[in-house]
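Add 117 to the 1-based position in the sequence shown for the working numbering, that's all there is to it.
Beta carbons: idealized from backbone N, C-alpha and C, even for Gly.
No experiment lies behind these values; they were computed from the predicted model shown.
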Amino acid sequence: METSETAEYIQISCENSTYNAALCHRCGTKIFPAELLDAHLDRHQIKDLYLEGELKKLQFAMARMR
118 METSETAEYI
128 QISCENSTYN
138 AALCHRCGTK
148 IFPAELLDAH
158 LDRHQIKDLY
168 LEGELKKLQF
178 AMARMR
């Protein structure tokens with residue numbers, strides 16, 4: 118399970134305003150508002166679990182072909 122590490126915060130400037138955003142350590146995406154970083158990391162974890170399941174299916178199919 119992936120743990121939420123210390124988030125790296127950056128500032129985004131737009132039209133004379135400055136916003137604090139979090140930086141995803143996996144893909145480098147700037148997340149604003151920073152509170153959405155946990156949800157973003159959850160999507161990474163869901164994708165990893167999906168790919169792991171697909172890999173197991175492929176390995177099973179390849180083992181049956183031998």
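Distance between residue j and residue i (C-alpha atoms, nearest Å)
i	j	result
D165	R143	12 Å
E171	N133	47 Å
L158	R183	38 Å
F177	R160	26 Å
Close-in-space but distant-in-sequence residues of the same chain around residue i (CB under 7 Å, 5 per side omitted)
i	result
N137	Y126, Q128 and A151
Cβ neighbour criterion (16 or more within 10 Å) applied to residue i
i	result
L168	exposed
M118	No answer about M118 holds up, because its pLDDT of 41 lies below 50 and its placement is not dependable.
Where the alpha helix (DSSP H) through residue i begins and ends
i	result
E169	L154 to M182
Close beta carbons around residue i, own chain, < 6 Å, minus the five adjacent residues each side
i	result
K174	none
Residues near residue i by beta carbon distance below 8 Å, same chain, minus five either side
i	result
T146	L140 and H157
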